[in-house]
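Novice: One line per chain: the protein sequences are A and B, in this order.
In short: position in the first sequence from 1, add 91, done, that's my numbering.
In short: position in the second sequence from 1, add 3, done, that's my numbering.
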Amino acid sequence: MSGYEARFRVWRGDEQGGGLRDFTVEVNEGEVVLDIVHRLQATQAPDLAVRWNCKAGKCGSCSAEINGRPRLMCMTRMSVFDRAETVTITPLRAFPVIRDLVTDVSFNYEKARGIPAFVPPAELAPGEYRMFQEDVDRSQEFRKCIECFLCQDTCHVVRDHEENKRAFAGPRFLMRVAELDMHPLDAAERSGLDRKRTAQEEHGLGYCNITKCCTEVCPEGIRITDNALIPLKERAVDRKYDPLVWLGSKIRRRPS
Amino acid sequence: MPVVDRQEWDVVVVGAGGAGLRAAIEARERGARTAVICKSLFGKAHTVMAEGGIAAAMANANEHDTWQTHFRDTLRGGKFLNQWRMAELHAQEAPQRVWELETWGALFDRTKDGRISQRNFGGHEYPRLAHVGDRTGLELIRTLQQRIVALQQEDHARTGDHECELKIFQECTVTRVLKDGSRVSGVFAYDRETGRFFVLRAPAVVLATGGIGKSFKVTSNSWEYTGDGHALALLAGAPLLNMEFVQFHPTGMVWPPSVKGILVTESVRGDGGVLRNSEGRRFMFDYVPDVFKEKYAESEQEADGWYDDPEHHRRPPELLPRDEVARAINAEVKAGRGSPHGGVFLDVSTRMPAEVIRRRLPSMYHQFKELADVDITAEPMEVGPTCHYVMGGIAVDSETAAARGVPGLYAAGEVAGGMHGSNRLGGNSLSDLLVFGRRAGWHAAEYARSLARERPRVDDEQIGAASAEALRPFALGAEGGVAGATGTAGAAEAAGAVEAAGGGAENPYTLHQELQQTMNDLVGIIRRAGEMEQALSRLAKLRERAGRVGVEGHRQFNPGWHLALDLRNMLLVSECVARAARERTESRGGHTREDFPAMEREWRNVNLLCALADPAVGRIRLTRETTPPIRPDLLDLFDKEELAKYLTDEELEGGLSR
Ligand SMILES: Cc1cc2nc3c(=O)[nH]c(=O)nc-3n(C[C@H](O)[C@H](O)[C@H](O)COP(=O)(O)OP(=O)(O)OC[C@H]3O[C@@H](n4cnc5c(N)ncnc54)[C@H](O)[C@@H]3O)c2cc1C
Ligand code: SF4
Ligand code: SF4
Ligand code: FES
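Below, the structure written as structure tokens:
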């Protein structure tokens, strides 16, 4: 495949407003959308603001909406588009724009702070932790998260509902609760912290109606809804309404 | 005098990668109010890209492993040029640093008996790398990030404020370390989002800014790697150590062009992947150097037996230290036995079942599938050397991580020199970040406390000069100058400079590309005196042009401006690399001279130090220094015959205790 000239529309502006700007730009074999944005910077729009870091799908910085779909720019190959197609790049819609393709994602950092950290088991010294692979598999899946916040951007609970942001942590951070809850050595429960209940009562798990949109956009292929949110819901619901299950789960859990 | 916001902290950590975050945790836990500044968002530093693992002699996978063997491997890998006390502390403390991560919530892959699993890697005698699939760096950074959040939660519970004791200034760039006489007094930085300047006043500053790879064209490094910390230290008066040693990782992607340089983790080879040339030959058998002959297999059969029975087989030569493998690949390609796109073949598809590959190397599978349309379970990858890591760095004290000659300045992680000698072993960086990040945070906190009563002052003149320096590019830009920099002395001066030079502002992107090409072609993996001369004269011209660099637009999130400011650092650091490389007339580790191909014992204990000769001119002064002899009990860990390959006869006589 040889190079060709592609048509791009890129949103430019800031919190005061802005609009789509048209560009015609060279595309070469094997390139990804981020390469094209870089070429625009180097040749036509040196001050075009964009966030990126690794250019290898590992850091989750380069999130944007490409033709309306939340994606990583560095992992979106130009070959997925028709040559005649105009490729439109806009900033993440759920977060306030700072400039051009860069948005203010501080919402996510605030939510992260709201989730109590791992509670180490008091009786185990560093080096004494024993966990089996099959017991850490689940939480490890969630720890693949690169915090690109595409799921946070796509979830309809907050996408067009600013007012829900206060009460709803979003899929990434509900998944964080699930991750800690499934950690084989997390001692939260013994310290009096019921993670499942906080998911429901403090982080807005109830807003999620399991549409799975978050799972669909996750570049890490994490099955957020099926593996994190639904199990968390099931257990949270059990606890809320079924005192027997609640009691049972307390007894079942070994103190190790 | 521009109005610049100022804040008081005890310790400022520049960098939020593994080293910076570990330093910040330590400083905060020891009672210092600590600020962290980083160029990207919190949790996205370069460390996130590390794949293979963290080296630590925990002896989970092989009970014979000890800190002594780890130390020995590290010195062999570094060709005995390592600052040996650092290598010793590193090997001794790494296991505790890894275990501690578990208490903060890290979830490593497990052994059958529930301990942390450890994998093989080049140059390590035993399986030693704690890992999480091939995303170990992500686990490391997330764990440290979450530990920081946990500390902030504690502070919040106590005071109602998350950030009173430990604060992250994300997407901010430090452009100067400020000083009060010889001592550090703080940092000058700009906020990328708004373009606003600010000063953090603090008696202690820890530089943890990572590496320099963005000065090279083909690199596995991200945009952050512009050598900022190296340059900040130089400009503050601290010397850099052994900058000639740059690691070219043997396996970077070579195709398509837009991904050229992206890393293919060494775990591919550690887990059984083999290198072949266009004739299908496993060529690494032809490249085992004498110093390693006894340790590596001579036949494919022997090599293949090693994976399951390492006691009775020698290791495959694919697992030689990186410098050896990179040179071998380079030689094969040069001899015309390369792959279609100028690399060699790295194959796992014929070595393991597809589902094992997908489980053990998920990100590699993903990376090749998504970026190159290659299914690594069905066909070989094409790979070639890529600029990966800088062993050289700020000269530091082994115990305290203090930079030389500048009280209050500390350095840890990739930006610090010495630990890895002339070549770093895989996995030894992540452990280095933790061991020396902690030490830097600890000693910075103590030093800050000792100055609690007489904190160094920040000097308005330095702030003014730093602002002017940062605003210069706007004065030269086509239109933005007016918006960005009206009325400052720097702007007027810079405008004058352009006129004097006959106008015509330089484009930062163009300069950056020319710099990368220069370093890649002339100070790359194989070096020659003439080419390095050429590089130095090109660098001088680039430096002059960089004085005329101009940018458009305004200060808010302006990547052209950011790059313009980074150029100063890349040029300074590149000059150090080129000068030191020209000076060292031997080949060792990450420094290969075509005109001086042998490793010389006389050079082993010679360190090259680069310092600013005259701050006004920005030229580098190079000096040689003889390193202290290796402690006898550490030398005793090696056979005499092996030592004789590295140490001079006098050193041997004086050194051994038996
Ligand atoms: C692809 C890849 C894979 C790797 N895999 C491994 C591995 O498996 N095992 C291993 O041991 N090593 C590995 N390495 C090496 C290792 O990842 C790095 O050496 C290490 O992460 C560096 O960490 P650091 O803390 O020194 O710096 P970084 O993680 O790079 O952090 C630097 C920080 O400094 C900040 N910064 C820089 N300049 C400024 C400035 N002017 N102002 C403010 N902030 C600034 C940056 O924003 C960033 O936060 C790998 C490297 C790469 C590229
Ligand atoms: S599954 Fe739940 S969290 Fe995910 S997008 Fe749908 S509503 Fe949001
Ligand atoms: S869960 Fe997936 S989509 Fe959401 S932030 Fe993490 S990586 Fe991104
Ligand atoms: S730049 Fe890191 S994920 Fe795209």
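Think of the CB as a built atom: it goes at the ideal place given N, C-alpha and C, for glycine as much as any other residue.
On a predicted model such as this, the values are computed, not experimentally measured, just so you know.
Does B:N561 have its Cβ less than 9 Å from a Cβ in chain A?
Specialist: yes
Novice: When burial is assigned at 16 or more other CB atoms within 10 Å of the CB, is B:T222 buried or exposed?
Specialist: buried
Novice: Where does A:S154 fall in DSSP's three states?
Specialist: Three-state DSSP puts A:S154 in a strand.
Novice: Kindly list the residues whose CB is nearer than 7 Å to the CB of A:Q132, restricted to its own chain and excluding five residues on each side of it in sequence; keep chain order.
Specialist: L139.
Novice: CB-CB under 6 Å to B:A22, same chain, minus the five flanking residues each way: which ones, in chain order?
Specialist: A211, A415, G416, L436 and G440
Novice: Cβ atoms of B:V351 and B:E335: under 9 Å apart, would you say?
Specialist: Not a contact, by the Cβ cut-off of 9 Å.
Novice: Please give me, in chain order, every unbroken run of the alpha helix (DSSP H) with length at least 4 that falls completely inside the region 160-240 of chain A.
Specialist: 197-204 and 224-234
Novice: Please report the straight-line C-alpha distance between B:L474 and B:A447, rounded to a whole angstrom.
Specialist: 31 Å
Novice: Between B:S470 and ligand 1, is there a pair consisting of the residue's CB and a ligand heavy atom that are separated by less than 8 Å?
Specialist: Taking the Cβ of B:S470 as the reference point, every heavy atom of ligand 1 lies at 8 Å or farther away.
Novice: Show which residues of chain B have a CB atom less than 9 Å away from the CB atom of A:G151.
Specialist: L44, G46, K47 and V51
Novice: Could you round the C-beta distance between A:D244 and A:P161 to whole angstroms and report it? I think they count as a contact, below 8 Å.
Specialist: 5 Å
Novice: Would B:I28 count as contacting chain A if we go by Cβ distances under 9 Å?
Specialist: no
Novice: Quick check: B:E654 and B:S366, are their CB atoms within less than 9 Å of each other?
Specialist: no
Novice: Round the Cβ separation of B:I215 and B:A19 to the nearest angstrom and send it over; I've been treating them as touching at under 8 Å.
Specialist: Rounded, the Cβ-Cβ distance is 18 Å, inconsistent with contact.
Novice: On the three-state DSSP scale, how would you describe A:V124?
Specialist: helix
Novice: Output, in chain order, the set of chain A residues within a Cβ distance shorter than 7 Å of B:W87.
Specialist: Near B:W87 there are no residues of chain A at all, since even the closest Cβ is about 26 Å away, more than 7 Å.
Novice: Check whether the Cβ of B:M367 sits closer than 8 Å to any heavy atom of ligand 4, and report yes or no.
Specialist: no
Novice: How is B:T229 classed by DSSP in three states: helix, strand or coil?
Specialist: coil
Novice: Helix or strand or just coil, what does DSSP make of B:Y649?
Specialist: If DSSP states are grouped into helix, strand and coil, B:Y649 belongs with the helices.
Novice: Is any heavy atom in ligand 1 found nearer than 8 Å to the beta carbon of B:T178?
Specialist: True, at least one ligand heavy atom lies under 8 Å from that Cβ.
Novice: Between A:E96 and the rest of its own chain, which residues show a CB-CB distance below 8 Å, the 5 nearest in sequence each way excluded?
Specialist: When the five nearest sequence neighbours on each side are left out, the beta carbons in the same chain lying within less than 8 Å of the beta carbon of A:E96 are those of T115, V116, E117 and V118, in order along the chain.
Novice: Would you call B:C167 buried or exposed, if buried means 16 or more other Cβ atoms sit within 10 Å of its Cβ?
Specialist: Exposed, by the Cβ-count rule.
Novice: How would you label B:R548, buried or exposed, when you count the other beta carbons within 10 angstroms and need 16 or more for buried?
Specialist: buried
Novice: Give me, in chain order, the residues of the same chain whose beta-carbon lies closer than 6 Å to that of B:V291; leave out the 5 immediate sequence neighbours on both sides.
Specialist: Around B:V291: Y299 and P320.
Novice: Quick one: list the residues of chain A neighbouring B:T588, beta-carbon separation under 9 Å, in chain order.
Specialist: Chain A residues near B:T588: none, gap ~37 Å exceeds 9 Å.
Novice: Would you check if there are 3 or more beta carbon pairs closer than 8 Å linking the region 224-234 of chain A to the region 181-195 of chain A?
Specialist: no
Novice: Use the C-beta contact count for A:R257: other C-beta atoms within 10 angstroms, 16 or more gives buried, fewer gives exposed.
Specialist: exposed
Novice: B:I529 and B:N245: beta carbons closer than 9 Å?
Specialist: no
Novice: Is it buried or exposed for B:D289, if we count other Cβ within 10 angstroms and need 16 for buried?
Specialist: exposed
Novice: Suppose you measure from the CA of B:F111 to the CA of B:A239; what does that come to, to the nearest Å?
Specialist: 40 Å
Novice: CB of A:P262 to nearest heavy atom of ligand 2: below 8 Å?
Specialist: A:P262 Cβ: within cutoff of ligand 2.
Novice: So, does the CB of A:R174 fall closer than 9 Å to a CB anywhere in chain B?
Specialist: no
Novice: Under 9 Å between the Cβ atoms of B:G273 and B:R122?
Specialist: yes
Novice: Taking only beta carbons into account, state which residues of the region 199-214 of chain A come closer than 8 Å to chain B, listed in chain order.
Specialist: Within the region 199-214 of chain A, contact with chain B at the beta-carbon level (separation under 8 Å) is assigned to Y200, A203, R204, P207, A208, F209 and P211.
Novice: At least one CB of chain A closer than 9 Å to the CB of B:A357: is that the case?
Specialist: no
Novice: Can you list the beta strand (DSSP E) stretches of 3 or more residues lying completely in the region 219-276 of chain B, in chain order?
Specialist: 249-256
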